[in-house]
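Visitor: Questions regarding the structure given below will be posed in turn.
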Amino acid sequence: MADAKYFSTTKKGEIHELKLELNAVDKSKKKDAVKKVIAAMTVGKDVSPLFPDVINQMQTDDMELKKLVYLYLINYAKTQPDLAIMAVNTFVKDSQDPNPLIRALAVRTMGCIRVDKITEYLCDPLHRCLKDEDPYVRKTAAVCVAKLYDISAELVEDRGFLDMLKDLLGDANPMVVANAVAALSEIQELGGKPVLDLTLGTVSKLLRALNECTEWGQVFILDSVVNYMPADAKDAEAVVERVLPRLQHANAAVVLSAIKVILRNIQYIGDESVRTALLRKLAPPLVTLLGSEPELQYVALRNISIIIQAQPSVLANDVKVFFCKYNDPSYVKMEKLDIMMRLVNERNIDQVLLEFKEYATEVDVDFVRKAVRAIGFCAISIQSAAERCINVLLELIQTKVNYVVQESIIVIKDIFRRYPNRYESIIGTLCDSLESLDEPEAKASMVWIIGEYSERIDNADELLEQFLETFPEETAAVQLALMTATVKLFLKKPMEKPQQLIQLVLTYATQETDNPDLRDRAYIYWRLLSTDPEAAKDVVLAEKPTISGAQDSTDPALLEELLRELGTLASVYHKPAASFVSKMRLAVHRADDLAAAAVRGSQNGEPEMTSVVVVEASQAGSAPTAIAAPAAMPDLLGDLLDVRAPAGAMSAAPDLPVVFGEDKGKGVVLRAALTHAADAYILQMSVCNLSMDVPIEGPLLIQFNRNALGLAPASQSVSLDAVLPGATAVVCVPLVQRQELVAPDQGQVLQVALKFPRADVGVLYFASPIASNVHL
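Following our numbering, the numbering of the sequence shown begins with 34 at its first residue and continues without gaps.
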């Protein structure tokens with residue numbers, strides 16, 4: 034009979050009835066009762082009063098019943114820790130059962146029960162299971178070590194479980210190897226310090242296990258191997274050769290992880306012909322991913338976008354596979370269009386242009402707009418195809434479809450900027466479409482065209498006058514464009530009508546508007562025209578720089594980080610994982626490590642920072658309400674958990690030297706110093722927000738120049754909570770040493786670039802001296 038019947042009970046006094054059934058003599062009745070309890074627990078009912086009665090059912094040879102009881106125990110052990118101790122003896126006994134399934138089940142359940150009293154009894158069974166003769170038990174125990182580390186890091190390190198996990202990397206069973214890698218990776222993430230030492234020998238063992246692992250085991254191994262830094266080109270080629278067969282795997286995650294490893298190692302191969310041959314092999318698996326369902330296609334396309342930014346030659350000859358199908362969802366079409374724009378070149382422009390023209394006649398408005406902009410992009414980036422693109426845009430304008438016409442005018446304005454004095458003959462056609470313009474960007478583009486070429490348009494003053502009739506109701510962008518276009522008209526045709534128009538627009542912009550940008554520009558124009566018209570010509574009619582046809586590309590530092598995170602959410606969002614992953618899981622530190630760090634810090638005369646704490650001010654310029662605590666302070670627990678103390682509860686922020694001052698005009702003051710404690714390098718920084726109304730938010734991107742110590746940030750993304758105006762944030766950037774970055778000729782200075790998301794701040798460059806006391 035189906036188990037669904039256990040979910041349909043509506044009896045009153047259900048707990049009492051279940052208690053009676055659990056204590057019945059009939060074994061089948063007991064089993065049914067446990068199933069009812071699990072069903073009630075699953076739908077959210079509180080069946081914790083039955084804890085002793087359910088635990089009594091653990092002593093059974095029925096595997097199904099034992100699993101159900103263990104499931105109940107995992108769920109309610111936290112609420113009944115004293116009663117949960119009753120199960121310890123059964124766990125210990127089951128961990129020595131002749132049946133390997135029961136041994137694995139026992140150790141897995143003990144690892145899932147987060148009760149300190151039970152954790153103490155877990156070590157011995159876990160120790161035995163890690164050396165068990167059955168691989169299923171060993172692989173289960175490997176995962177259990179990671180769970181135990183999350184509960185008690187000290188226990189795992191003191192009892193030697195980390196060394197046992199490392200020994201499992203050489204196990205004969207591939208699934209044991211995969212689980213050991215997964216556990217060590219998890220521990221490394223939790224602890225914040227390297228525990229998985231990747232040498233050529235270790236990597237060789239991992240790669241040998243690939244063929245017989247499950248698909249997710251392969252993903253774990255490949256994601257670990259990507260962190261291996263080969264010693265030379267020969268090592269890199271060996272790794273790539275072992276990974277290449279994974280490109281034909283049916284699972285997309287395995288394929289993307291394999292590509293990630295290959296791209297990582299390919300940069301160490303100096304032979305250009307070998308590199309080209311390897312890159313050519315990446316195209317077929319990527320194309321294959323596009324044959325999946327739309328959701329997988331989207332993920333594949335987002336990853337492909339990153340790959341072709343780093344290695345454009347991978348899919349340079351495969352632009353046709355990105356042509357949109359009629360039944361593709363809109364989000365897939367948009368991504369394909371982006372990739373086609375990246376792959377277009379002189380060889381394929383004709384077929385791509387035909388596709389874009391076809392897309393511009395579809396019914397999806399957003400897709401049509403993007404297709405028109407893509408045509409404009411082709412015209413700007415490929416000079417030989419500019420005239421063909423212009424002809425296609427003119428054909429689209431003849432369709433008289435409102436949004437198509439407006440988008441066409443927007444991109445034609447950019448084409449005029451890119452190729453001055455070449456295609457102005459089409460201005461008459463554009464002017465015929467004035468009445469259909471109702472979007473601000475299209476209006477501003479058309480106004481710019483009229484002002485820029487007013488000497489070639491006989492009725493330019495009449496056209497501008499039509500726009501000026503609705504000047505007060507226009508957006509700021511259109512108003513600014515109208516004002517500049519009117520000034521250009523006046524300077525090129527200083528006749529009576531333009532004089533009236535310029536007087537009208539300047540009067541309105543200086544007396545009847547609240548927009549400071551519009552008002553300030555109007556005053557500048559007014560003073561220029563009234564004092565020195567020739568100077569006004571030099572300013573307003575100056576030759577404009579030629580715009581570039583390059584598509585927006587990802588910052589190189591961010592691109593490198595995204596390449597290491599292919600196949601994850603970071604590669605779908607195109608953001609580093611640190612910017613959106615919840616920081617609920619904090620780094621686990623051993624108490625003796627913290628004490629040693631505190632002692633070393635006090636000996637150096639400088640406090641050791643143990644966490645990142647944002648210092649906020651309640652009002653601009655007021656005193657901070659929370660600060661970063663040194664490790665030497667007694668309240669280590671509060672500091673590790675990032676508990677904000679009231680004002681005065683902690684000492685002041687570290688007194689760091691100013692490396693980027695207020696005189697630079699960026700609205701930010703940076704203080705920084707390089708410290709060395711606990712056998713690790715740390716860059717301490719404080720960020721002060723001098724802005725009056727705009728907060729500073731993270732993440733920040735950080736990059737070092739080559740330096741005498743070969744230091745580099747452990748992560749190129751630095752987390753930073755919102756720093757309110759007038760407030761200060763203290764952050765600590767962990768550093769690592771890399772031999773290839775050592776440059777003794779750079780002197781005793783650390784050159785740093787720090788990129789802020791806020792455009793008005795941008796990238797700040799500073800140098801921090803390397804003091805003699807930070808050397809090893």
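Beta carbons: idealized from backbone N, C-alpha and C, even for Gly.
Any beta carbon from chain B within less than 8 Å of E440's own beta carbon?
Guide: Going by chain labels, chain B is absent from the structure shown, which holds only one protein chain.
Visitor: Roughly how many angstroms lie between the CA atoms of L534 and E498, to the nearest whole one?
Guide: Translated into the one-based positions of the sequence shown, residue 534 becomes position 501. Translated into the one-based positions of the sequence shown, residue 498 becomes position 465. About 7 Å.
Visitor: Quick one: is I580 buried, meaning 16 or more other Cβ sit within 10 Å of its Cβ, or exposed?
Guide: For the purposes of this step, residue 580 is identified with residue 547 of the sequence shown, where counting begins at 1. Exposed, since its Cβ has fewer than 16 Cβ neighbours within 10 Å.
Visitor: Over the uninterrupted alpha helix (DSSP H) stretch that includes Q496, give me the two end residues.
Guide: Indexing the sequence shown from 1 puts residue 496 at position 463. In the sequence as displayed, the identity of residue 496 is Leu instead of Gln. 493-501 is the extent of the alpha helix (DSSP H) around L496.
Visitor: Measuring alpha carbon to alpha carbon, tell me which residue in I729, V769, Q749, A755 is nearest D712.
Guide: What you label residue 712 is simply residue 679 of the sequence shown in a count that begins at 1. Considering only alpha carbons, the answer is V769.
Visitor: Please classify H49: does DSSP put it in a helix, a strand, or coil?
Guide: Here residue 49 refers to the residue found at position 16 of the sequence shown. If DSSP states are grouped into helix, strand and coil, H49 belongs with the helices.
Visitor: Going by DSSP, what residue range makes up the beta strand (DSSP E) through K788?
Guide: What you label residue 788 is simply residue 755 of the sequence shown in a count that begins at 1. Here the beta strand (DSSP E) through K788 covers 782-788.
Visitor: Could I get the ranges of all uninterrupted alpha helix (DSSP H) runs contained in the stretch 152-237, with 4 residues as the minimum, in chain order?
Guide: Runs of the alpha helix (DSSP H) inside the stretch 152-237: 168-184, 186-191, 194-201, 207-224.
Visitor: How should V751 be labelled, buried or exposed, when 16 other C-beta atoms within 10 angstroms of its C-beta is the threshold for buried?
Guide: Within the sequence shown, numbered from 1, the residue matching residue 751 stands at position 718. Buried is the call here.
Visitor: On the criterion of 16 or more Cβ atoms from any shown chain inside 10 Å, does N336 qualify as buried, or is it exposed?
Guide: Translated into the one-based positions of the sequence shown, residue 336 becomes position 303. That one is buried.
Visitor: Can you pull the DSSP bridge partners for R704?
Guide: Start at 1 with the first residue of the sequence shown, and residue 704 comes out as number 671. V691, S719.
Visitor: Name, in chain order, the residues that DSSP records as bridge partners for P746.
Guide: Indexing the sequence shown from 1 puts residue 746 at position 713. BP columns for P746 point to L768.
Visitor: Counting only the same chain and skipping the five closest in sequence on each side, list residues whose C-beta sits under 6 Å from that of I118.
Guide: Within the sequence shown, residue 118 is the residue found at index 85, counting from 1. Hits under 6 Å: K150.
Visitor: Please classify V377: does DSSP put it in a helix, a strand, or coil?
Guide: Locating residue 377 in the sequence shown gives position 344, counting from the first residue. If DSSP states are grouped into helix, strand and coil, V377 belongs with coil.
Visitor: Do A792 and N740 have their C-beta atoms within less than 8 Å of each other?
Guide: Position 759 of the sequence shown, counting from 1, holds the residue named residue 792. Position 707 of the sequence shown, counting from 1, holds the residue named residue 740. No, Cβ-Cβ distance for A792 and N740 is not below 8 Å.
Visitor: By the 10 Å Cβ neighbour count, where 16 or more other Cβ atoms means buried, how is R451 classified, buried or exposed?
Guide: Taking the sequence shown and counting its residues from 1, one reaches residue 451 at position 418. It is buried - the Cβ of R451 has at least 16 other Cβ atoms within 10 Å.
Visitor: A800: which of T761, F523, F693 sits nearest, CA to CA?
Guide: For the purposes of this step, residue 800 is taken as the residue at position 767 of the sequence shown. Comparing Cα-Cα distances from A800 to each of T761, F523, F693, the minimum goes to F693.
Visitor: Distance, Cα to Cα, A678 vs A393?
Guide: Position 645 of the sequence shown, counted from the start, is the residue given in the question as residue 678. Position 360 of the sequence shown, counted from the start, is the residue given in the question as residue 393. For A678, the predicted model reports a pLDDT of 31, less than 50, meaning its position is unreliable; a value from the coordinates is still stated below. One C-alpha to the other measures close to 59 Å.
Visitor: What's the C-alpha gap between H607 and G303?
Guide: Your numbering for residue 607 matches position 574 in the sequence shown. Your numbering for residue 303 matches position 270 in the sequence shown. Approximately 29 Å, taken between the alpha carbons.
Visitor: Compare the beta carbon distance of Q90 and L134 with 8 Å and say whether it is the shorter of the two.
Guide: For the purposes of this step, residue 90 is identified with residue 57 of the sequence shown, where counting begins at 1. For the purposes of this step, residue 134 is identified with residue 101 of the sequence shown, where counting begins at 1. For Q90 and L134, no; Cβs fall outside 8 Å.
Visitor: By a C-beta neighbour count over all protein chains shown, 10 Å radius and 16 as the cutoff for buried, is W249 buried or exposed?
Guide: Counting from 1 along the sequence shown, the entry for residue 249 is found at position 216. It counts as exposed.
Visitor: Please say whether R136 and C162 have beta carbons closer to each other than 8 Å?
Guide: Indexing the sequence shown from 1 puts residue 162 at position 129. Indexing the sequence shown from 1 puts residue 136 at position 103. Contact flag set, yes.
Visitor: Could you tell me whether the stretch 712-723 touches the stretch 569-576, where touching means 3 or more Cβ pairs closer than 8 Å?
Guide: Contact between the stretch 712-723 and the stretch 569-576 is absent, because fewer than three Cβ pairs lie under 8 Å.
Visitor: How would you write the range of the alpha helix (DSSP H) that Q384 sits in, first residue to last?
Guide: Sequence index remark: in the sequence shown, residue 384 carries index 351 (1-based). Unbroken alpha helix (DSSP H) run through Q384: 382-392.
Visitor: Can you tell me whether K616 is buried or exposed, with buried defined as 16 or more other CB within 10 angstroms of its CB?
Guide: Position 583 of the sequence shown holds residue 616. Caution is warranted here: a pLDDT of 43 is assigned to K616, below 50, making its placement in the model unreliable, and the coordinate value is therefore given only provisionally. Answer is exposed; the Cβ neighbour count stays below 16.
Visitor: Hey, would you say L181 sits closer than 8 Å to T152, going by beta carbons?
Guide: As a position in the sequence shown, residue 181 is number 148, starting the count at 1. As a position in the sequence shown, residue 152 is number 119, starting the count at 1. Yes, the Cβ-Cβ distance between L181 and T152 is below 8 Å.
Visitor: With DSSP collapsed to three states, give me the class of S466.
Guide: Residue 466 sits at position 433 when you count from the first residue of the sequence shown. Here S466 sits in coil by DSSP.
Visitor: How many Å lie between L51 and V170 at the Cα?
Guide: Locating residue 51 in the sequence shown gives position 18, where the first residue counts as 1. Locating residue 170 in the sequence shown gives position 137, where the first residue counts as 1. Roughly 34 Å separates the two Cα atoms.
Visitor: Got a sec? Which residues, its chain only, sit under 8 Å from A266 by beta carbon, not counting five neighbours each side?
Guide: As a working mapping, residue 266 is identified with position 233 in the sequence shown. Same-chain partners within the cutoff: Y301, I302, G303, D304.
Visitor: Please name the residue in V125, F124, S128, T75 whose C-alpha comes closest to that of N108.
Guide: Looking up residue 108 in the sequence shown gives position 75. Among V125, F124, S128, T75, the Cα nearest to that of N108 is on T75.
Visitor: For K314, which of I295, P327, V398, Q330 has the nearest alpha-carbon?
Guide: Indexing the sequence shown from 1 puts residue 314 at position 281. Among I295, P327, V398, Q330, the Cα nearest to that of K314 is on I295.
Visitor: Hey, out of I71, L255, D127, K100, whose CA is closest to E598's CA?
Guide: In the sequence shown, counting from the first residue as 1, residue 598 sits at position 565. Closest by alpha carbon: L255.
Visitor: Going by DSSP, name the residue or residues bridged to S3.
Guide: This structure gives no information on residue 3, because the portion of the chain shown stretches from 34 to 809.
Visitor: Buried or exposed for V398, going by 16 or more other Cβ atoms inside 10 Å?
Guide: As a working note, residue 398 is residue 365 in the sequence shown. It counts as exposed.
Visitor: Mapping the DSSP letters down to three states, classify Q736 as helix, strand or coil.
Guide: The residue you call residue 736 lines up with position 703 of the sequence shown. Residue state, collapsed to three classes: strand.
Visitor: Do the stretch 514-533 and the stretch 469-480 touch if we need at least three Cβ pairs shorter than 8 Å?
Guide: Cβ pair count under 8 Å is three or more, so yes.
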